[in-house]
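Worksheet: one structure, shown below.
Numbering (the working numbering), first residue to last: 1137 to 2294.
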């Protein structure tokens, strides 16, 4: 049934108005492009017009980007109301409210009120909301105040540390359960699967705890029909005891007189009986009835044998059933044993991982959700918490409700339960409401716990009283042509029902066809597949191409090349595209095109990379990848190569990588001229002899690496300039593109985190970083005049005039390592090794995955505004070129039911549905926006900023010209300076840990410094714990004490041009006095303050002067804590005054530009 556009539009407007009505709870099903963001903004605006305070509105979104977009749209709306003239404002308010609104002053004031609200309008992700709740109620939630959300990189490192602890436990107890479990899993599984198990453990802590509390593998054992006493040996003995060997022996001569097949069975039975009652004998005997893959033979013996023998050995006979059952039992025992091994590792892993997070006061996203869920469900504290929260929440708005997990719904339900309770003090005209909008057809985050059935269930449960479901069906994004193809897929081909378990959870929307607001025509194309190449000659024996690299004739490479050339043709020839904003046809631009793939991993990774590579070859503007694995980013790989070289200059490979990188930019011939003919010399020796300029820069980098922290090293390298005045940072961006900026920023953040959370060491940093699988997610919301290539998941919420889908012929395999069952899991075996009792669970998992893939297809199709191209590469044989139920299969069947036309494609005749585009005349292309010519100063280096003041570090005052009074003789292991840094670090961190945990933590920090020796560690730990265990120093770690306190400012009586910057090791603020203590790790400890070096006295005098300005009414005392003897030496006021007098008398302090901060 086709609904006229004007009627459909009126229904759409009415639906939007009904959904935005804040007088009642609303559950909204919104098709793709139907304007749900506008409805959310309108509903919040109408709530504010009811004089509801902004802080009493809670808007929850699925992503930070969605929260930012919604907040921006809200502020844009409210800001516009504040400046519109009265007539225009009246009209705007009438459009939003559907009626006249006369309180113009209120509408104009909302923008300022929203800006003045602390923390602004509460538009946030549910994780951010949970973080805020936990920060308000940490004690009630059972956590320590001051927790911090754990970042992905830190969590990965933490998971690696926990894994090492598990492996250490196994090594320490070779006969223990953990080591036995590891041996079993290592023997039975591939290394990659074992890696996947540890990755699963790091994300499934709460589920592992529940698994343990429910009895571990007991549920699985009952499901498999096994007894606690069952073993392979006991069951094998039972099997052979029930075997009638006399019948088998009698059958041998009968079978030997039969045909060749029968004779083979006779020989197998004879061999079996000779083996005895062993497992090997069973497997040998089982092949009478089973194939090598485990399937049942149709006719084990021929019809030429006696009837009784045929019956005994038939596939339907009791003996065959007995063998099949025992074969299945063996598979059951194998699954149970492997799952028990996983549980044996998972239980302690979860416990250690949880403790490690507690020690760091760190919570991941899942922890926050579960803690808030439990907090709101505990009757003992939930009433108090809800009372405090309810006082601040009157309206809840939930976006992307279909991707909200059951645990998140539990939180929302707990918050909204109070909304339905009567409150005589409330204004009945403005009830508290819940608003949820989503589309079950777009639920694509099952791997994060989302279940579309949950959204449908929530809708059903709330359709009582005044609550009402609203359906928003009209698309304001896509043309009717695209929507007709979508409807043919959903309705005629049954895609809508195949997306869900429709019998139990019928979809709530799409009861009627999709309608488009747009009047223009669109176009959908289905191209033939890129064919597989004909088998060519074998590669030459000296060919070093990686075996998994795709060749030029590969079907994926050909598809990527054809797409790039087609896009180039469109852009060069002015292919027409309809512009929704301008409401007219214009020439296509690179930013109009969005290329979507299912995944970047596996075989598809080659297609993904090939598309980006060929677009660049055609000089087409491209935004690059939407996600970058940090360790794979070229700029990061080059910086790591530089790090390896400066640490080991004899590393020829790393040096060669640096010479070819943008740092030096040598081509192959230039590199060969340096590398060849050098005999046995290292490449570094050859560079120093043959190119002094390059050698000089490399020596500078080596010097930097030995005098700087990792962050300072990388920042200095990137900001260094060549003879042309161009920085290395700019060189990287010129060659690799500005898209590398995000990867570089995250890399530098990691370097900064490294030196803030441990002893800074370049060697330790790169070693830890090389095991980091962190990804950088790039912001691709705005096209910025570039082609975007991304996954469908990454494109959720985005749109483009032209969408290309090249990754359509594959179907994902169910790869869940641990398959969930009631009260637990089982380790998923290969298909042929799955016991019959567990097949329904794996089939259910595969079905859920297939359903989500169809929902993912719907999301991909509905990103397109005007033009959609569906193509792919041959992934099977010529007879079956694509997988059954693949996206291409569904689209091919969909096109078969449409009235299509034939079009020319790069791979022969294809099909199209809709209006074929026209080519614009050259005069029409002039309407394209002209490029803005940048002024010359944009590319010129900025003038050096005039320094208005000089910076000094107190630790450099009164220095005698030497680097430091601490000795710095070379030796094995750590230098004295490095030991001092380690001692300072431990004295900063350890006081926050319980005394019983300090030693393990201290050892872990020391081991993190790669050069540390056992002697170093003993010295460091001896000094640190002598200080920590000294009862006379307890005041340093108690109430009012702070570590590493930063100070900045000017000191009275010293030139106003001098700014001091400092960091105090320990500051204790009491009622009447303030204590400053600085740690000194010198081995030569002075007996009195008269023997203290002037540099220390100057440092403490500056500290005293700075702190005294802050605490003017308190006595400030300064002391030096000599860690080698745990000796605290208080400095007299006279000594500090004398040191300050010396500082004031210095003629030119501050002239040294290379001073570092303390």
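Ideal Cβ placement from N, Cα and C applies to all residues, glycine included.
Non-local beta-carbon contacts of residue 1229 in its own chain, meaning distances under 7 Å to residues more than five positions away in sequence, involve 1237, 1243 in chain order. In this structure the region 1793-1805 does not lie against the region 1751-1765, because fewer than three pairs of beta carbons, one per stretch, are closer than 8 Å. For residue 1283, the three-state secondary structure derived from DSSP is coil. Assignment of beta-bridge partners to residue 2177 by DSSP yields 2204.
Proximity of the region 1746-1756 to the region 1692-1704 meets the contact definition, three or more beta-carbon pairs being nearer than 8 Å.
For the set 1309, 1151, 2202, 1299, the Cα lying nearest the Cα of residue 1234 is the one of 1151. Counting along the chain, residue 1706 sits inside the alpha helix (DSSP H) bounded by residues 1691-1709. With fewer than 16 other Cβ atoms inside 10 Å of its own Cβ, residue 1377 counts as exposed. Nearest Cα to residue 1282 within the set 1493, 1611, 1766: 1493.
In this structure, the alpha-carbon of residue 1815 lies about 27 Å from that of residue 1776. Contact annotation: residue 1904 and residue 1324 have beta-carbon atoms that are not nearer than 8 Å. Counting the other Cβ atoms within 10 Å of the Cβ of residue 2167 gives fewer than 16, which makes it exposed. For residue 1978, the enclosing alpha helix (DSSP H) begins and ends at 1975-1997. By the Cβ neighbour-count rule, residue 1805 is exposed, with fewer than 16 other Cβ atoms within 10 Å of its own.
Residue 1347 carries a helical assignment under DSSP once its states are collapsed to helix, strand and coil. Excluding its 5 nearest sequence neighbours in each direction, residue 2007 has C-beta neighbours in its own chain below 6 Å: 1663, 1942, listed in chain order. Assigned with DSSP and collapsed to three states, residue 1735 falls in coil, not helix or strand.
With contacts defined as CB atoms closer than 8 Å, residue 2179 and residue 2242 fail to qualify as a contacting pair.
Nearest C-alpha to residue 1722 among 1729, 1730, 1728, 1713: 1713. The three-state reading of DSSP puts residue 1447 in helix, counting H, G and I together. Below 8 Å, too few C-beta pairs join the region 1615-1623 and the region 1564-1573 to call them touching: fewer than three. By the neighbour-count definition (other C-beta atoms within 10 Å, threshold 16), residue 1275 is an exposed residue.
With contact defined as three or more Cβ pairs closer than 8 Å, the region 1181-1195 and the region 2015-2031 are not in contact. Separation of residue 1661 and residue 1607 (C-alpha to C-alpha, rounded to the nearest whole angstrom) is 30 Å. Residue 1830 and residue 1253 have their C-alpha atoms roughly 57 Å apart.
Residue 1383 counts as exposed, since fewer than 16 other beta carbons sit within 10 angstroms of its beta carbon. Residue pairing by DSSP puts residue 1531 in a beta bridge opposite 1193, 1569. Of the candidates 2171, 2110, 2141, 2110 places its Cα closest to the Cα of residue 2151. Taking a contact as a CB-CB distance under 8 Å, the pair residue 1636 and residue 1987 counts as one, their CB atoms being some 6 Å apart.
DSSP, reduced to helix, strand and coil, places residue 1586 outside both helices and strands of the structure shown, so it counts as coil. With a threshold of 16 other beta carbon atoms within 10 Å, residue 1270 meets it and is buried. The continuous stretches of alpha helix (DSSP H) do not include residue 1581, and DSSP gives it neither H nor E. Selection 1586, 1887, 1921, 2148 evaluated against residue 2115 yields 2148 as nearest (Cα-Cα). Assigned with DSSP and collapsed to three states, residue 1661 falls in strand. Residue range 1200-1219 is occupied by the alpha helix (DSSP H) that includes residue 1204. Distance between residue 1886 and residue 1289, taken at the CA atoms: about 8 Å.
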